[in-house]
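Step one of this worksheet: look at the structure below.
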Amino acid sequence: MKMKKFIALGMAGMLSAAALVGCDKGNPGTVDPVDPVDPVDPGKQVVAPEDIIDFTMFATMEGTELNPNNEIQEIIAQKTGVRVKETWLTNQDAGEAIGALMASGDLPDFIDAGNKFNDMYAAGLLVAWDPYLEQYPNLKEMYTDAVWEQFRMADGKIYWANVFNNTYGASKATGHNDEAFWIQVRVLEEAGYPDIKTLDEYFDLIEDYYAKHPTFTNPSGEEVPIIPYTVQSADWRYFGLENPPQFLDGYPNDGSVIVERGTGKVVDYNTTPTAKAYFQKLNEEYNKKIIDSEFATQDWDTYIQKLSKGQVLGICDQNWDFNYDVQPALKDAGLDALGCEYVPLGLTMPGVTENRWHTYGDTLNNSSGCAVTINCSDPDRAFKFLSDIMEQEIHDLRFWGVEGVDYLVDEDGMYYRTQEMRDKQNNQAYRASHMCPYSYMPQWLGTSRDGKNAMQPAEQGSEFTASFSEPLRACFEAYNANGYPDFIGSVQEDNEPWFPMWSYSNTMSQTTYPEDDPDGNFKAGDDWPAAIAWIKMGDCKHEWLPKVVTAKDFDAEWEKYMKAYEACKPEDFLADMQNEVNKRIEAAK
Amino acid sequence: MANDADQNVTVENPTESESAVEVKEETAEMIDEPIVSKLIEEPASDTVEAKAKKVARQRVKVSKGEIKRQAILLILSVWFVNYGLIFYYLPLGGWIMAFQNFKLKKTFFDSLFSARFVGLKKFHFMFEFDVLKDAIHETGNIFQALKVWIDNVMFIRTLRNTLGMGILNLVTTFVMAILFAILLNEVKNKLGKKLVQTISYLPHFLSWIIVTAIIRDTLSSTGIINDLLRLFHVIDAEETYNFFMKPLWFWPIVAFANVWKETGWNAIIYLAAITAIDPCLYEAADIDGAGRIAKMRFITLPGIAPTIIILLVMNIGNVLNAGFEIQYLLGNGIIQKVSQTIDIYVLQWGISKSDFSLGTAAGMFKSAVSILLIVICNQIVKKTGHGSLF
Chain X
5 MKMKKFIALG
15 MAGMLSAAAL
25 VGCDKGNPGT
35 VDPVDPVDPV
45 DPGKQVVAPE
55 DIIDFTMFAT
65 MEGTELNPNN
75 EIQEIIAQKT
85 GVRVKETWLT
95 NQDAGEAIGA
105 LMASGDLPDF
115 IDAGNKFNDM
125 YAAGLLVAWD
135 PYLEQYPNLK
145 EMYTDAVWEQ
155 FRMADGKIYW
165 ANVFNNTYGA
175 SKATGHNDEA
185 FWIQVRVLEE
195 AGYPDIKTLD
205 EYFDLIEDYY
215 AKHPTFTNPS
225 GEEVPIIPYT
235 VQSADWRYFG
245 LENPPQFLDG
255 YPNDGSVIVE
265 RGTGKVVDYN
275 TTPTAKAYFQ
285 KLNEEYNKKI
295 IDSEFATQDW
305 DTYIQKLSKG
315 QVLGICDQNW
325 DFNYDVQPAL
335 KDAGLDALGC
345 EYVPLGLTMP
355 GVTENRWHTY
365 GDTLNNSSGC
375 AVTINCSDPD
385 RAFKFLSDIM
395 EQEIHDLRFW
405 GVEGVDYLVD
415 EDGMYYRTQE
425 MRDKQNNQAY
435 RASHMCPYSY
445 MPQWLGTSRD
455 GKNAMQPAEQ
465 GSEFTASFSE
475 PLRACFEAYN
485 ANGYPDFIGS
495 VQEDNEPWFP
505 MWSYSNTMSQ
515 TTYPEDDPDG
525 NFKAGDDWPA
535 AIAWIKMGDC
545 KHEWLPKVVT
555 AKDFDAEWEK
565 YMKAYEACKP
575 EDFLADMQNE
585 VNKRIEAAK
Chain W
396 MANDADQNVT
406 VENPTESESA
416 VEVKEETAEM
426 IDEPIVSKLI
436 EEPASDTVEA
446 KAKKVARQRV
456 KVSKGEIKRQ
466 AILLILSVWF
476 VNYGLIFYYL
486 PLGGWIMAFQ
496 NFKLKKTFFD
506 SLFSARFVGL
516 KKFHFMFEFD
526 VLKDAIHETG
536 NIFQALKVWI
546 DNVMFIRTLR
556 NTLGMGILNL
566 VTTFVMAILF
576 AILLNEVKNK
586 LGKKLVQTIS
596 YLPHFLSWII
606 VTAIIRDTLS
616 STGIINDLLR
626 LFHVIDAEET
636 YNFFMKPLWF
646 WPIVAFANVW
656 KETGWNAIIY
666 LAAITAIDPC
676 LYEAADIDGA
686 GRIAKMRFIT
696 LPGIAPTIII
706 LLVMNIGNVL
716 NAGFEIQYLL
726 GNGIIQKVSQ
736 TIDIYVLQWG
746 ISKSDFSLGT
756 AAGMFKSAVS
766 ILLIVICNQI
776 VKKTGHGSLF
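Heads up: the protein sequence lines correspond to chains X and W, in order. Once you know that position 225 of the first sequence is 229 in the numbering used here, the rest is easy, because the numbers rise by one and skip nothing. Once you know that position 186 of the second sequence is 581 in the numbering used here, the rest is easy, because the numbers rise by one and skip nothing.
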């Protein structure tokens, strides 16, 4: 009798184990292929749960993992037959994470390898897009042929496509997603909305406010000390400290060098008189205790925490680096009503009349994007999924949510949200359990295929102003601004053919050439002096910029910094950059 | 007296069990002798060692009968020998990468066989001897030249940091553990002793990420250290002393963290060694009028000396493993020149910059230095006659 029970138990155990195995990953060979989804109306197709395949994705960015059984993820899975588990960077840099993945061979199905794509390509770990581009028009549609050419590698194939900064139809942009000196609305309000054009004016404004309000009371009644200005100096996110000299001189964000307009001559912005003046100003402010005493040792999490508490008056940063986390947090805590939200300012050196902090039009970064790896068991299905999620219905699900729950449609067919819906969107727990934007997969900005709405809610005109807090609305009115770029007032013009140069310097994350020189000057695997110089320059700046800013004797410290900087051989780097500029000018002809 | 003798037998070191019977007889005889000094001059272990040597000399000849008799042992040992070969010796084949221009391909063997040999190029990249040569030429002083070399060449700097932190950690954790064990041994209150011992080794089970978070918090602008500094007016009320921006503080902080985390754990082995010391030695010392300090100095310390020596030799081989996590987690841009260790170098240039050859070369150099250190130390210990590792 006992024996029988044991056997029964054992059988039950094995059965459930088999069931678990059945759920896991799924073997595409044995599962019936899903009926092709009608591309015109994918909504009709509902995939049976057992036919849903699970893929994985890794992106070299800090992000929030979705909850298991995320509601919209399930809806998308039922419609497309694919569920993607996304994982993100945690406390490492991109190079280490991708290097470790490559060395272990344990690759995810989809990957955004950031600036390590060249390595992955050289190792042959990526699946080419080419056959699928013809098969899936949604993917092909992302870029013009000329732009696709820019993604082509030496072997004539395309392995990844950038997913950001890509506009469908008319642009609806009202945001400034780039770098700026940001300031809290309440500081401007208190000073009577002055025009701020230079660094001196900017810091004067902050000092005045801080002198009057060393602390403030947050909505939960706590007394919070104010940090007048902070900036990140850790890891690769130190651009807010490092690259303002290029903007202050009126140049756009080429990121690693200044390229003179017209002549195409490369100039090193680290050693210009503007650079010295800028760091001297920071040094002065640090010694006046206006700059956060811990700016040099804080990590990104700490930085975001400080901003989310509303205690920092001013920062210099890229919008995408902080605002996606900070703005919802401020709204969620009710700090937006106190004027803790940020608006960007386009500062320049005195005498520089034009600024280019804001880039109009799309910026193409051909050095990174979304890719499928050779570990993917069914690349066809993976690419089909990338195509499916670009269908308008799925795209709306990803960014707008479920109709009736996350947004409503008025009689003109315009999407809108009620205040309650907006509040829910600002709640991180709700987003994790309900929203599923697949934010590092192909997506559109601009106008929806219905010709009316915005592809993403942040760009919907009505949503943009309706979501404003009172102080922000007052600020927009005072400056007569329709969108964030109006605060900056950058020059509107076509981008130069070489722009942006950082898409080239970002590939210098390895010490050797990734592929053979077509002119035969070097072979893949030879030492790459420019990249070695670039890596050393980065290490040098990470060490010395905070030292220079915190120095008691600025001039002496600057001398030492310049000496250490020269030892990195920046000329090797600059020569290679000049070469690339010339190539790009040539290619654009 | 008789009770003590029994107790003595029960705490015999298990490695000496083969001669335990003889030892027992010996100690029983010795108890009758009143002179303590004689006991210390001729510790029981001497005779055991001599015995072991005798056994080693009578080597068993390999014959069919012998193989048959040891068949089970041989079969059992096959697994472990193979384990060692596969997991310790086979991977050493990868060292070939250090002399190649290794690039990752789809499979490991693909990459290994498609790579070009570049000789010692990777080592040249690491050491940059040119910098040293030029510096000697310029300054004419080897010490100044070395300083220039350390300042300018990253690998040399990481080597200095690794050695520096390794030695500092070794000395502090080692001394603290022995001191702690001896002092704890003097505590008469059994409950207090057990409590302190348990609490003191708990930090060992915390991961470094937790420990570094605690340290960061303690030393931050709102942490207790800065609060105390403000309270005692060491710094102004508005000021913050930022420990992580001062290169001089980094090594002591790392050493302190190691001491805090590992002292209790490391002391366990010494406490065990102390319990193995014959209690009648202490009684005899009492009769001779020795005080507490004298007993610690002349009985406890010599009693655990062999343990100390063995652990020292083993730990010296680990000096270059000065750590990775703590330096990685506590370091930042400003103090990178003193915080980066060889392991971080391997991660940064090997994994992160995909130069696996360089990473292998650095790792190889580290292993070579470790082996050298351990052999030198072992020879020295052998000369002093305290028993050695090999």
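Glycine is no exception: its CB is placed at the ideal position from the N, C-alpha and C atoms.
Under the three-pair Cβ rule at 8 Å, the stretch 653-666 of chain W counts as touching the stretch 553-573 of chain W.
In the three-state reduction of the DSSP assignment, V376(X) falls in the strand class. By the C-beta density criterion, Y517(X) is buried, having at least 16 other C-beta atoms within 10 angstroms. Nearest neighbour of L252(X) by Cα position, chosen from M353(X), S443(X), E561(X), E481(X), turns out to be M353(X). One finds L499 in chain W with Cβ atoms closer than 7 Å to the Cβ of M106(X), taken in chain order. Counting along the chain, E90(X) sits inside the beta strand (DSSP E) bounded by residues 86-93. DSSP links M61(X) through a beta bridge to E90(X), F114(X). One Cα belongs to T221(X), the other to V228(X), and the distance between them is close to 6 Å.
In this structure, the straight-line span from the alpha carbon of K761(W) to that of I737(W) is close to 8 Å. P141(X) carries a helical assignment under DSSP once its states are collapsed to helix, strand and coil.
Here the C-alpha atom of K216(X) lies approximately 10 Å from the C-alpha atom of I210(X).
Residues of chain W with a Cβ closer than 9 Å to the Cβ of P550(X) are, in chain order, M640, N727, G728, I729. Flagged as an interface residue toward chain W: A571(X), by a C-beta distance shorter than 8 Å. Under a criterion of Cβ atoms nearer than 7 Å, no residue of chain X is adjacent to T736(W); the nearest Cβ is some 15 Å distant.
For L449(X), the three-state secondary structure derived from DSSP is strand.
Pairing N496(W) with S752(W) gives a Cβ-Cβ distance under 8 Å. For T567(W), the enclosing alpha helix (DSSP H) covers residues 549-581.
In chain order, K293 make up the part of chain X whose C-beta sits under 9 Å from the C-beta of E633(W).
Only N496, F497, K498, L499, K500, K501, T502, F503, D505, S506 from the stretch 473-506 of chain W bring a Cβ to less than 9 Å from some Cβ of chain X. Exposure of D454(X) is indicated by the presence of fewer than 16 other C-beta atoms within 10 angstroms of its C-beta. The C-alpha of F504(W) is placed about 42 Å away from the C-alpha of T301(X). With 16 or more other Cβ atoms inside 10 Å of its own Cβ, K310(X) counts as buried.
Nearest CB-CB separation between I769(W) and chain X: not below the 8 Å threshold.
Sequence-distant Cβ neighbours of W506(X) in its own chain, meaning closer than 6 Å and more than five residues away, are G259, S260. The three-state reading of DSSP puts W404(X) in coil, since its state is none of H, G, I, E or B.
Put simply, the backbone Cα of K542(W) is about 59 Å away from that of S391(X).
Excluding its 5 nearest sequence neighbours in each direction, Q82(X) has C-beta neighbours in its own chain below 6 Å: V50, V51, listed in chain order.
Within chain W, no C-beta atom comes nearer than 8 Å to that of A165(X); the closest sits roughly 22 Å away.
Across the stretch 113-132 of chain X, CB contacts with chain W closer than 8 Å involve K120, D123, A126, A127, G128, L129, in sequence order along the chain. Beta-bridge analysis with DSSP links F185(X) to C320(X), L349(X).
By the criterion of at least three beta-carbon pairs nearer than 8 Å, the stretch 225-242 of chain X is in contact with the stretch 311-327 of chain X. Among the residues of chain W, those whose CB is under 9 Å from the CB of S513(X) are S747, K748, S749, following chain order. Collapsing the DSSP output to three states places E497(X) in coil.
Q460(X) sits buried, since 16 or more C-beta atoms from the chains shown fall within 10 Å of its C-beta. Within chain W, the residues whose beta carbon sits less than 8 Å from that of I539(X) are K748, listed in sequence order.
Between L676(W) and A576(W), the gap from beta carbon to beta carbon reaches 8 Å or more.
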